[in-house]
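Residue numbers (this note's numbering), protein chains in the order written: chain A, 78 to 187; chain B, 103 to 217.
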């Protein structure tokens with residue numbers, strides 16, 4: 078069964094810093110990998126989707142990479158802002174199912 | 103972009119009652135929808151896969167007689183928590199995608215509190 082792990086579990090950085098969130102998965106047979114943002118008590122907002130044939134995707138200050146063979150993905154956030162504070166979840170899609178990571182709780186300090 | 107809605111957003115009920123949660127894809131058709139449960143400070147756990155016109159597929163450990171799923175149309179799936187108990191209190195989220203490789207669009211979630 079696919080297992081998805083995210084490191085670190087929590088991260089606190091001062092505003093303006095660049096940061097990297099990590100996601101690892103055990104089974105490389107995936108369709109795609111998706112990064113989400115979740116604000117407290119809210120649903121999920123999709124940030125970036127990387128298909129299994131792709132190596133990275135970029136959207137604004139966000140860049141996500143995928144190394145399927147090693148079972149790893151990173152989410153890079155440039156010039157962090159207090160509004161980036163949230164929990165970030167990665168999820169891999171294998172077959173018809175999504176497997177979610179445990180999440181990284183990010184706090185950006187003004 | 104595609105939108106998935108859930109209703110209600112929050113529900114409080116007494117122990118022993120049943121609660122129905124709706125998940126709708128507003129501007130696209132979804133043959134498959136997914137139901138997740140999220141406990142505080144934990145990640146999302148897939149409960150079941152809802153298939154339009156056929157029975158849902160439940161994950162191991164999820165009671166199909168307790169969590170009834172109906173996918174009556176290509177835009178609506180419902181989750182009914184029967185005889186709810188306090189341990190069923192959780193955040194329930196649904197998702198849908200246009201195709202197998204497409205982005206999954208998530209509903210805003212339903213906060214269920216069972217007293």
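For each residue, glycine too, the CB sits at the ideal point set by N, CA and C. Since we're looking at a predicted model, the values are computed, not measured.
Measure the C-alpha to C-alpha separation of residue 184 of chain A and residue 93 of chain A and round it to an integer number of angstroms.
-> 12 Å
Sorted by chain position, which residues of the same chain lie with C-beta nearer than 8 Å to residue 184 of chain B's C-beta, five sequence neighbours on each side aside?
-> 120, 167, 168, 169 and 170
Under the three-state DSSP convention, the category residue 171 of chain A falls into = strand
On a CA-only basis, which of A:111, A:79 and A:138 is nearest residue 205 of chain B? Give me that one, please.
-> A:111
Give, in chain order, every residue of the stretch 153-187 of chain A whose Cβ lies closer than 7 Å to some Cβ of chain B.
-> 166, 173, 174, 175, 177, 178, 179 and 180
Is the CB of residue 211 of chain B under 8 Å away from at least one CB in chain A?
-> It does: the Cβ of residue 211 of chain B has a partner Cβ on chain A nearer than 8 Å.
Below 8 Å between beta carbons: does that hold for residue 113 of chain A and residue 124 of chain A?
-> yes
Segment contact flag, the stretch 164-181 of chain A with the stretch 103-110 of chain B, C-beta cutoff 8 Å, min 3 pairs | no
Since residue 152 of chain B meets chain A, which of its residues come closer than 9 Å, beta carbon to beta carbon?
-> Residues of chain A passing the Cβ test: none, with the nearest at roughly 11 Å.
Residue range of the unbroken beta strand (DSSP E) whose run includes residue 138 of chain B | 134-140
Measure from the C-beta of residue 206 of chain B to each C-beta in chain A and report whether the shortest distance is under 8 Å.
-> yes
Whose C-alpha, out of B:125, B:145 and B:133, is nearest the C-alpha of residue 83 of chain A?
-> Closest by alpha carbon: B:145.
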